[in-house]
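Inspection log for the structure reproduced underneath, given as C-alpha cells.
Residue numbers (the working numbering), protein chains in the order written: chain A, 21 to 297; chain B, 75 to 341.
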C-alpha cells in the first residue's frame with residue numbers, strides 16, 4: 021500500500037492580495053501563490069488555493085487541512101481552521117527566522133507590530149488599521165501621483181542621497197504634497213525616499229508601543245520594497261530580517277497551524293487506538 | 075467706508091466687499107488655481123467689479139486663509155480661525171450663535187465664540203482628509219459624479235450606506251466594493267456625508283456643544299451635508315447662503331476695525 025504524502029495549506033486573504041502556501045509534513049514549502057483581491061473575496065481565496073496546489077503539483081484532495089487567516093479569513097469557507105493574522109505572522113516569522121522577537125507587518129491597508137517571546141508566543145502587539153498613512157496604500161497612492169508603479173519605488177529610492185521631507189501624515193494630503201514637490205523640481209528618487217522615511221517613522225512609533233528588540237523581521241507586501249527596508253534599517257540602526265517569501269509569512273504561519281492541528285489529531289487517534297486495544 | 079476681505083483657501087478663494095462694516099455689496103468666489111497671490115488679485119478685482127465700485131474706492135484690504143501671506147495688496151493678514159468666528163457672528167447675528175462648524179476643503183473645525191465673535195475655544199482637524207471636503211471631491215472623481223451633482227444625488231439616498239472606515243483612502247476601497255456589489259450610488263453618497271457629519275460631531279462634542287450649531291465654510295452649502303448633520307447632531311443646524319464667505323466677511327470686518335483705529339490715531 022502506497023501512502024499519499026501529507027500536505028497542509030495556509031490561505032492568507034489580505035485587503036489587497038490573497039496568498040496561499042502548501043507545506044508537507046516535514047514543513048517544506050512545496051507550493052505558493054499570490055492573487056489580487058477583488059470584491060468577490062471568497063472566490064479569490066479559492067483561486068489562490070487552487071493556484072498553490074497547481075504550483076505544488078498536487079491535487080486539492082491531498083491537502084489534509086487548510087487554515088484561513090488575514091483580514092478576509094472568514095471568507096476562506098473551504099478551510100477548517102481560522103487563525104488571526106497576528107498569530108500567523110508571528111508563527112511564520114519565527115519559523116523562517118528563529119531569532120525573531122519583533123515582527124513588523126506592513127500590508128496593503130494596515131500595519132502591525134508584534135512582540136514575540138523566545139518560544140514564539142505573542143507578548144504584545146499594536147496595530148493601525150484605521151488610517152492608511154504608514155501602510156502599503158500610502159505608497160500606492162503616492163506612486164500613482166508620481167507616475168511610477170510600486171515595484172519601481174525600491175530601486176528608484178536607492179539612487180537618493182537626501183530624502184525630501186514629507187510633512188503631511190494623511191495619504192490624501194501627501195498625494196498633493198508629492199505632486200507639488202515634483203512641480204517644485206525635487207527629484208523623484210528623493211521624494212520616494214522621503215515617503216519611505218515617512219512610513220518608517222510611523223512604523224517605528226507603532227513598534228515603540230510594544231518595545232523595540234532584536235531581531236526584527238519585516239513581513240507583508242511592503243517588505244518587498246528594498247527602499248523601505250533601507251529606510252527602516254536607517255531608523256532602527258540595525259539590520260532587519262527580510263526574505264523573498266516575506267509576503268507569504270502569514271500564509272506560512274497559517275499552514276504551520278494546520279500541520280499542528282493534523283498532528284494533534286493523529287496523537288488523538290493513536291491514543292484512541294491504544295485505549296481500544 | 076469700503077473694506078474688502080479675501081479668503082485664500084486650499085479649495086477656493088472668496089472675496090467680500092463690505093460697506094460701512096455692515097452691508098455686503100460685492101462677492102466673488104472661484105476655485106484656487108495657480109499661485110495664491112495671482113488668485114487673490116483676481117478675486118479682489120472680481121469682487122470689486124461685482125460691487126460696481128472701482129478699486130480706488132476701496133479703503134482697506136484684509137487677507138485670510140492659508141494663502142493670506144501671499145497676497146500683495148493686503149494691508150493686514152488675519153488667521154482664518156479668527157475671521158471665521160467674526161464672520162459667522164455677523165451672518166447669524168440675530169441668533170446669538172455660540173457654536174460654529176466650518177468644513178473646508180482640507181480641514182474641519184469647530185469654534186465656540188462669544189457675543190463679539192471672538193473665539194473662546196476651538197477644535198480642529200487638518201491632518202486627516204476624512205471629515206473634510208477633500209473626501210467628497212475624491213468620491214466625485216472615482217464615482218464619476220460631478221461635484222455640482224453630488225449633494226442632489228446623495229439626497230436621493232433612501233438607505234444610506236454607512237462607511238465604516240475612518241480614513242478617506244480606506245473608505246475608497248469600501249465604496250468601490252459597495253458599487254460592485256450593486257449598492258445604489260445615492261445611498262453610498264449619503265453614507266459619505268453621514269461619515270463626515272460623524273467626524274464633525276466628534277469635534278463638536280469635544281467643545282461640549284449644548285446649543286444649536288451654525289455652519290460656515292465650503293462644504294456646508296451642500297444641502298446633503300446639512301441633512302446629514304441634522305441626523306447626527308442633537309441640536310438644530312443653521313445655514314446661511316453666505317456661509318461660504320464667513321472668513322472673508324470676518325476679514326473685511328476686522329479690516330474695518332483696524333482702519334477705524336488707524337484713523338483715530340491719525341486724528
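Ideal placement from N, C-alpha and C gives every residue a C-beta, glycine not left out.
Legend entry - Collapsed DSSP secondary structure at residue 243 of chain B in the structure displayed: In the structure shown, residue 243 of chain B sits in a helix (DSSP, three-state: H, G or I).
Legend entry - Pick from A/143, A/106 and A/206 that is closest to residue 299 of chain A, judged by C-alpha positions: Because chain A is modelled from 21 through 297, residue 299 of chain A falls outside the range shown and cannot be assessed.
Inset, instruction - Determine the burial state of residue 301 of chain A: buried for a count of at least 16 other Cβ atoms within 10 Å of its Cβ, exposed for fewer. - result: Look at the range of chain A in this structure, 21 to 297, and you will see that residue 301 of chain A is not part of it.
Inset, instruction - Using only alpha-carbon positions, find the residue among A/150, A/245, A/164 and A/261 that is nearest to residue 171 of chain A. - result: From the listed residues A/150, A/245, A/164 and A/261, the smallest Cα separation to residue 171 of chain A is found for A/245.
Legend entry - Per DSSP, cross-strand counterpart(s) of residue 33 of chain A: In the DSSP output, where bridge partners are listed per residue, residue 33 of chain A has A/38.
Legend entry - Entirely enclosed alpha helix (DSSP H) segments - the region 139–181 of chain B, minimum 4 residues: Within the region 139–181 of chain B, the runs of alpha helix (DSSP H) that reach at least 4 residues and sit entirely inside it are, in chain order, 154–165.
Inset, instruction - Give the secondary structure of residue 22 of chain A by DSSP, where H, G and I count as helix, E and B as strand, and everything else as coil. - result: Any reading at residue 22 of chain A needs caution, since the residue's pLDDT is 42, under 50, leaving its predicted position unreliable; the model's value is listed next. Three-state result, residue 22 of chain A: coil.
Inset, instruction - With DSSP collapsed to three states, give me the class of residue 278 of chain A. - result: Here residue 278 of chain A sits in helix by DSSP.
Legend entry - Opening and closing residue of the alpha helix (DSSP H) in which residue 301 of chain B lies: For residue 301 of chain B, the uninterrupted alpha helix (DSSP H) run begins and ends at 297–306, by DSSP.
Inset, instruction - Could you tell me how far apart the beta carbons of residue 300 of chain A and residue 263 of chain A are, in whole angstroms, since I believe they sit closer than 8 Å? - result: No information on residue 300 of chain A is available, as it lies outside the stretch 21 to 297 that chain A covers here.
Legend entry - Residue environment, residue 285 of chain B, which counts as buried when at least 16 other CB atoms sit within 10 Å: With a threshold of 16 other beta carbon atoms within 10 Å, residue 285 of chain B falls short and is exposed.
Inset, instruction - Using a Cβ cut-off of 9 Å, pull out every chain B residue sitting near residue 189 of chain A, in sequence order please. - result: By Cβ distance, chain B contributes 201 and 202.
Inset, instruction - Output yes if chain A places a C-beta closer than 9 Å to the C-beta of residue 250 of chain B; else output no. - result: Yes - at least one Cβ of chain A is within 9 Å of the one on residue 250 of chain B.
Inset, instruction - Compare the beta carbon distance of residue 303 of chain B and residue 175 of chain B with 9 Å and say whether it is the shorter of the two. - result: A contact, by the Cβ cut-off of 9 Å.
Inset, instruction - Say whether chain B places a C-beta atom closer than 9 Å to the C-beta of residue 158 of chain A. - result: Residue 158 of chain A counts as touching chain B.
Inset, instruction - Entirely within the region 71–102 of chain A and at least 3 residues each: give me those beta strand (DSSP E) ranges in chain order. - result: As far as the region 71–102 of chain A is concerned, its whole beta strand (DSSP E) runs of at least 3 residues are 83–89.
Legend entry - For residue 237 of chain B, the three-state DSSP class (helix, strand or coil): The answer is coil: DSSP assigns residue 237 of chain B none of H, G, I, E or B.
Inset, instruction - Mind listing the chain B neighbours of residue 129 of chain A? Cutoff is C-beta to C-beta under 8 Å, in chain order. - result: Contact of residue 129 of chain A with chain B by beta-carbon distance below 8 Å involves 244 and 247.
Inset, instruction - Output yes or no for whether 9 Å exceeds the beta carbon distance between residue 138 of chain B and residue 98 of chain B. - result: Not in contact: residue 138 of chain B and residue 98 of chain B (Cβ atoms no closer than 9 Å).
Legend entry - Straight-line gap, residue 292 of chain B to residue 177 of chain B (C-alpha atoms, nearest Å): Taking the straight line joining both Cα atoms gives about 6 Å.
Inset, instruction - Pick helix, strand or coil for residue 132 of chain A, following the three-state DSSP scheme. - result: Collapsing the DSSP output to three states places residue 132 of chain A in a strand.
Legend entry - Simplified DSSP assignment, three categories, for residue 310 of chain B: Coil at residue 310 of chain B, not helix or strand.
Inset, instruction - Under 6 Å Cβ to Cβ from residue 318 of chain B, same chain only, skipping five residues before and after it: list those, please. - result: The answer, listed in chain order, is 292 and 295.
Inset, instruction - Could you work out which residues of chain A lie near residue 180 of chain B, taking near to mean beta carbons separated by less than 7 Å? - result: Chain A residues near residue 180 of chain B: 193.
Legend entry - 8 Å Cβ shell around residue 199 of chain B - same chain, five flanking residues per side excluded: If we look at residue 199 of chain B and ignore the five residues flanking it on each side, its Cβ neighbours are 181, 182, 183, 205, 206, 273 and 277.
Inset, instruction - Take every Cβ of the region 215–223 of chain A, pair it with every Cβ of the region 112–121 of chain A, and state whether three or more of those distances are shorter than 8 Å. - result: Too few Cβ pairs lie closer than 8 Å, so no.
Legend entry - Where residue 240 of chain A falls, given that 16 or more other Cβ within 10 Å makes a residue buried: By the Cβ neighbour-count rule, residue 240 of chain A is buried, with 16 or more other Cβ atoms within 10 Å of its own.
Inset, instruction - Quick one: using the 10 Å Cβ neighbour count with 16 as the cut-off for buried, is residue 244 of chain B buried or exposed? - result: By the 10 Å Cβ count, residue 244 of chain B comes out buried.
Inset, instruction - Kindly list, in the order they appear in chain A, the residues whose Cβ is closer than 9 Å to that of residue 212 of chain B. - result: By Cβ distance, chain A contributes 192.
Inset, instruction - With hydrogens ignored, establish whether the beta-carbon of residue 248 of chain B is closer than 8 Å to any heavy atom of the ligand NAD. - result: Of the ligands one can find in the structure shown there are none, so the ligand NAD has no counterpart to examine.
Inset, instruction - Identify each residue in the region 122–155 of chain A for which the Cβ-Cβ distance to at least one residue of chain D is less than 7 Å, and report them in chain order. - result: No chain D appears in the structure shown, which is made up of the protein chains A and B.
Legend entry - Identified DSSP bridge partners for residue 55 of chain A: The bridge partners DSSP lists for residue 55 of chain A are A/38.
Legend entry - Partner residues on chain B for residue 161 of chain A, Cβ-Cβ distance less than 7 Å: Ordered by position in chain B, the residues that pass the 7 Å Cβ test against residue 161 of chain A are 243.
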